[in-house]
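Protein sequence lines correspond, in order, to chains A and U. Quick note on the working numbering: the first sequence kicks off at 7 and runs consecutively. Quick note on the working numbering: the second sequence kicks off at 183 and runs consecutively.
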Amino acid sequence: MLSRVADSIYWMSRYVERAENVARFISVNLNLSLDMPGEAGQQWWPLVVITGDDDEFQSRISTTTKESVVQFLTFDTDNPNSILSCLRSARENARSVREIISAEMWEHINKFYLLVRDGGTLEDVLDDPYHFYEVVSLAGQQFLGVTDATMTHGEAWHFCQLGRMIERADKTSRILDVKYFILLPKPSDVGTPYDDVQWLALLRSASALEMYRQRHGRISPVNVVNFLVLDKEFPRAVLHCLTRANDSLHSISGTVTGSFSNVAEQRLGQLRAELAYTHAEEIIAGGLHEFIDDFQQRLNCVGEAVFESFFAKRPLETISH
Amino acid sequence: MFQEQSAVLFRSSREPGGESAAPGDQIDGDALDYDVGDFHDEMFDHDGRPRADCEPLFRRMLTMSWDDLIRRQRAADRSMVQLGITFNVYGDQLGRERIIPFDIVPRIIASPEWQILEHGLRQRITALNMFLQDLYHEQKIIHDGVVPEHVVATAVGFRQQCIGLTPPRGIWCHITGTDLVRDSDGQVYVLEDNLRCPSGVSYVLQNRQLMKQTFPQLFERTSIRPVDDYCSRLLDALQYLREDHVRTPSVALLSPGSYNSAYFEHSFLAQQMGIDLVEGRDLVVSDGFVYMRTTKGFERIDVLYRRIDDDFLDPLVFRKDSMLGVPGLMNAYRLGRIALANAPGTGIADDKVVYACVPQIIKYYLGEDPIIPNVPTYVCWDDAQRQHVLANLDQLVVKPANESGGYGLLIGPRASAAERAACAAQIKANPRNYIAQPTLSLSRVPVLCEDRLEGRHVDLRPFIVYGRDVYVLPGGLTRVALKKGSLVVNSSQGGGSKDTWVVS
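Put into structure tokens, the structure is as follows:
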């Protein structure tokens, strides 16, 4: 498949996943603000930090309020990672590969974009935020469903899958990081109902609460890390995402798993293997935030390697007649 | 019965107590509140009665209430936005896209008339293809004095680089979108030939799809010639070009990219044919072969359906500043290693001074009279004709020979004295570059307006595919000037479109 097309498909998929996850970030905070008394529930700045766009935010926006942060993350077209910007980029990418994706995928992504663009004002959203962000994350999941059900599971689909899984692994790790930034548990809070409430809200925004309960029952930090990072079967768990991404990478190249034929496979394989052979206790002992930071950097290196291996222009000499 | 049903159609605006139910105001079933005017109407005769071939459709649409029709129109509008059937607007900073407004009342062409048009188009394309081959080789038509040498030598579309080249299978104009218009006397004329990169066929296919959703019951009971096989025929025609060298030729569509106004069409056609949509930057020429850059390395291409102009095809041969083209592409073409559709060099036939010669061209190569006439055309390089044009500027339409899309046009009857004087000066300065035609009174069709049907001017662009044989898509794109009184059907200037039915 054309390198340019693969690039567009990969990013289309990443942007849809990103839009869905930004909606999840906002909803975890909204959830918390409802459950937490007083100031603790009104921390919006950490949300901006987690998305990595804090410099951008500070340079343009004077006050950090619920309104300004929600606006910045939802509708701000100057913020490339707002939900609306992500969907616009996803749609632009989709538009440039319309002949490759299914008609249903294009229609869905187009509707999804229009849904958010024309979805109402900030006031409307804040009036019924639960509904709005649920609709957005549902539309993201529907895109996935439409993709799986209408697109041949060939090379293009694997690039979709690769983009989605890399993006999701990154965002699940960031949802976990909310705990570090927002909650800053005072020693006195640990083990109290508030602590429990915080973890519950976090699991809920990763759509993980029910599945977590089935697997681990009671809420404990170790088990939450175990579930959101190291679970092999939960579809939003980091390890699961890396495994699926790895499978797709190998389907694209035709190399058997366990070996590698390009830098992307090498880096992703190493990262995945390390996680697969780690205990949750070790992660917490080394510091969850530090772990997440390091993981995100290494995942970025995988992303760069994907670009080099598949999308970048190659020299002419490699043509073999 | 007829009167009763028409009353149903206009119920919403005629409800008791409504403003329009003024004393003495009669509901006239025959006139239907529809004013045919001094024009040829495609659906109604001069007395306002539906033409025989339109009557069944008309009767069925009348059984729907006005509100129902409006509801269906809205549903069709929504579908267009959701399907993303759009075109880009040049110069729009926000990158907005617009839909081409679609009117749900179809334009109907009766089968016997269509047969004549189909023959006429086939005749015209066959002759033009022979003309192009001759022009880039022996130039017999010039030596025999049918087309003047100086006209060809000064034509912008004549490509020196193509002299002596024979395109694969000897086909030059693979895809043509001839513009036809009907004057008030009912006669259909060819207005333009469009042998370069005609666009619009995707709207024909999508409009039909929309109509099937909008009026499924009409399709069940009417015999309408299908258009859905266009893409299969196009792919056949493209693969045919290299089938003598490669078992299954690899075909790609070369687009200027997603910011081009016709990008929707490029992507739609590529998808329907299941071929790659490529841009210049995806392609590379090595040892005379054309390759695409893929995730697995380089892949060879045998046929390019190119939707960029000659000028931009290859910076080594045509415009050096082209970022859209592929360096070395023309060399690969010359070596016979890639087929290009349409062939470079066909633009000469779009020159309006050459257009004026087409009736003689048909006669010269085929020994036949043209089946569809040209609009009478005065060429200004000829002294006598120029004198006539200059003396009658207030009645003529003056066109530059090498512009498209209605640019540089002077509509004499609507122009000011100053505009006419400026135009006269331009004609005298560069007579070769101008032609003039009588002002036509384009035929009209009914369109759905706020509370009734009103007549609007239309043209027709049928599409012709020249492959193993010459195929004419039944119907074509009906473009309609939605602004009241307007004659401009171009989508960039408020034009819309309609589904075109060839019915038997």
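Heads up, the beta-carbon is just placed ideally off N, CA and C, and yes, glycines get one too.
Using a Cβ-Cβ cutoff of less than 8 Å, which residues in the same chain neighbour aspartate 13 of chain A once the five nearest sequence positions on both sides are dropped? Closer than 8 Å at the Cβ level, and outside the excluded window around aspartate 13 of chain A, lie Phe313, Phe316 and Phe317.
Taking the alpha-carbon positions, what's the arginine 320 of chain A to glycine 479 of chain U distance? Rounded to whole angstroms, arginine 320 of chain A to glycine 479 of chain U spans 8 Å at the Cα level.
With 9 Å as the threshold, decide whether the Cβ of phenylalanine 450 of chain U is near any Cβ in chain A. Closer than 9 Å: yes.
Could you tell me whether the Cβ atoms of alanine 531 of chain U and leucine 347 of chain U are closer together than 9 Å? Going by C-beta atoms, alanine 531 of chain U is not nearer than 9 Å to leucine 347 of chain U.
Once DSSP output is grouped into helix, strand and coil, what is the label at glutamate 374 of chain U? Strand, per DSSP.
For proline 398 of chain U, report the span of its alpha helix (DSSP H) as first-last. Going by DSSP, proline 398 of chain U is part of the alpha helix (DSSP H) stretching over 398–403.
Residues in the region 465–477 of chain U with C-beta within 9 Å of chain A's C-beta atoms, listed in sequence order? Result list: Val466, Ser468, Asp469, Phe471, Tyr473, Met474, Arg475, Thr476 and Thr477.
Hey, valine 76 of chain A and isoleucine 115 of chain A: beta-carbon distance below 9 Å or not? Here valine 76 of chain A is not near isoleucine 115 of chain A, since their CB atoms are 9 Å or more apart.
Does DSSP classify valine 11 of chain A as helix, strand or coil? DSSP places valine 11 of chain A in helix when its eight states are reduced to three.
Quick one: list the residues of chain A neighbouring leucine 265 of chain U, beta-carbon separation under 7 Å, in chain order. Those within 7 Å of leucine 265 of chain U in chain A are Glu113.
Residue-level contact to chain U via CB, methionine 157 of chain A, 9 Å cutoff: Not one chain U Cβ lies under 9 Å of methionine 157 of chain A.
Note down, in chain order, every chain U residue with its Cβ under 8 Å from the Cβ of methionine 18 of chain A. Per Cβ cutoff of 8 Å: no residues; methionine 18 of chain A is ~13 Å from chain U at best.
Going along the chain, which residues of the region 255–273 of chain A sit with their C-beta nearer than 8 Å to a C-beta in chain U? Those would be Ile258, in chain order.
Return the residue from the list U:Glu601, U:Glu295, U:Gly462 and U:Glu374 that minimises the CA-CA distance to proline 558 of chain U. Distance check between proline 558 of chain U and each of U:Glu601, U:Glu295, U:Gly462 and U:Glu374 places U:Glu374 closest, using alpha-carbon atoms only.
If we cut at 9 Å on Cβ distances, does alanine 189 of chain U have a partner in chain A? Only weak support is given to the placement of alanine 189 of chain U: the predicted model assigns it a pLDDT of 32, under 50, and the question is left unresolved by the model.
Answer with buried or exposed for arginine 174 of chain A, where buried requires no fewer than 16 other C-beta atoms within 10 angstroms of its C-beta. The residue is buried, with at least 16 neighbouring Cβ atoms inside 10 Å.
Would you report the Cα separation of threonine 249 of chain A and arginine 30 of chain A, rounded to the nearest angstrom? Counting only the Cα atoms, arginine 30 of chain A lies some 23 Å from threonine 249 of chain A.
Which residue or residues does DSSP assign as beta-bridge partners of leucine 459 of chain U? Residue pairing by DSSP places leucine 459 of chain U opposite U:Leu435 in a beta bridge.
Can you list, in chain order, the residues of its chain whose CB lies under 8 Å from that of isoleucine 15 of chain A, leaving out five sequence neighbours each side? Correct list, in chain order: Asn99, Val103, Ile106, Ile107, Ala162, Phe165, Cys166 and Gly169.
Isoleucine 209 of chain U, DSSP secondary structure in three states: Unreliable positioning characterises isoleucine 209 of chain U in this predicted model, as indicated by a pLDDT of 29, which lies under 50. The coordinate reading is nonetheless provided below. DSSP, reduced to helix, strand and coil, places isoleucine 209 of chain U outside both helices and strands of the structure shown, so it counts as coil.
According to DSSP, residues forming a beta bridge with tyrosine 648 of chain U: The partner list for tyrosine 648 of chain U (beta bridge, DSSP) reads U:Val652.
Beta-carbon of aspartate 274 of chain U versus every beta-carbon of chain A: anything under 9 Å? Residue confidence is low: aspartate 274 of chain U scores 44 on pLDDT, short of 50, so the model does not pin down where it sits. Its coordinate-derived value is still stated next. Aspartate 274 of chain U does not count as touching chain A.
Using three-state DSSP, classify serine 211 of chain A as helix, strand or coil. Helix at serine 211 of chain A.
Quick one: what does DSSP say tryptophan 163 of chain A is sitting in, helix, strand or coil? Three-state result, tryptophan 163 of chain A: helix.
Quick check: is the beta carbon of isoleucine 457 of chain U nearer than 9 Å to any beta carbon in chain A? Output row for isoleucine 457 of chain U: interface = yes.
Proline 408 of chain U by DSSP, collapsed to three states: which one? Looking at proline 408 of chain U - three-state DSSP - the assignment turns out to be coil, as it is neither helix nor strand.
Assuming lysine 581 of chain U and isoleucine 617 of chain U are in contact, meaning their beta carbons sit under 8 Å apart, how far apart are those beta carbons, in whole angstroms? Approximately 6 Å separates the beta-carbon atoms of lysine 581 of chain U and isoleucine 617 of chain U; this is inside 8 Å, confirming the contact.
Determine, using beta carbons only, whether phenylalanine 446 of chain U comes closer than 9 Å to chain A. Among the residues facing chain A, phenylalanine 446 of chain U is included, as its CB has a counterpart in that chain under 9 Å away.
Exposure of histidine 228 of chain U, with buried meaning 16 or more beta-carbon neighbours within 10 Å: Residue environment analysis places histidine 228 of chain U among the exposed positions, since fewer than 16 neighbouring C-beta atoms fall within 10 angstroms of its C-beta.
Cβ shell of leucine 635 of chain U (< 8 Å), same chain only, five flanking positions each side left out: Non-local beta-carbon contacts of leucine 635 of chain U in its own chain, meaning distances under 8 Å to residues more than five positions away in sequence, involve Leu214, Asp215, Tyr216, Val287, Pro628 and Val629 in chain order.
Is the region 310–329 of chain U close to the region 338–353 of chain U, with three or more CB pairs under 8 Å? Cβ pair count under 8 Å is three or more, so yes.
Check the C-beta distance from tryptophan 371 of chain U over to valine 363 of chain U and give it rounded, since I have them as a contact under 8 Å. As written in the sequence, residue 371 of chain U is tyrosine, which differs from the tryptophan given in the question. Separation of the CB atoms of tyrosine 371 of chain U and valine 363 of chain U is rounded to 6 Å, and the pair is thereby assigned contact status at 8 Å.
Go to threonine 57 of chain A, then tell me how far its beta strand (DSSP E) extends in each direction, as first and last residue. No beta strand (DSSP E) holds threonine 57 of chain A; the alpha helix (DSSP H) holding it covers 51–57.
Who are methionine 225 of chain U's beta bridge partners in DSSP? BP columns for methionine 225 of chain U are empty, so no partner.
Spatially closest choice to valine 231 of chain A from A:Glu288, A:Ala279 and A:Gln272, by CA coordinates: Closest option to valine 231 of chain A, Cα to Cα, is A:Glu288.
Any idea if proline 294 of chain U is buried or exposed, counting beta-carbon neighbours within 10 angstroms, 16 or more meaning buried? Counting of Cβ neighbours within 10 angstroms places proline 294 of chain U among the exposed residues, the total staying below 16.
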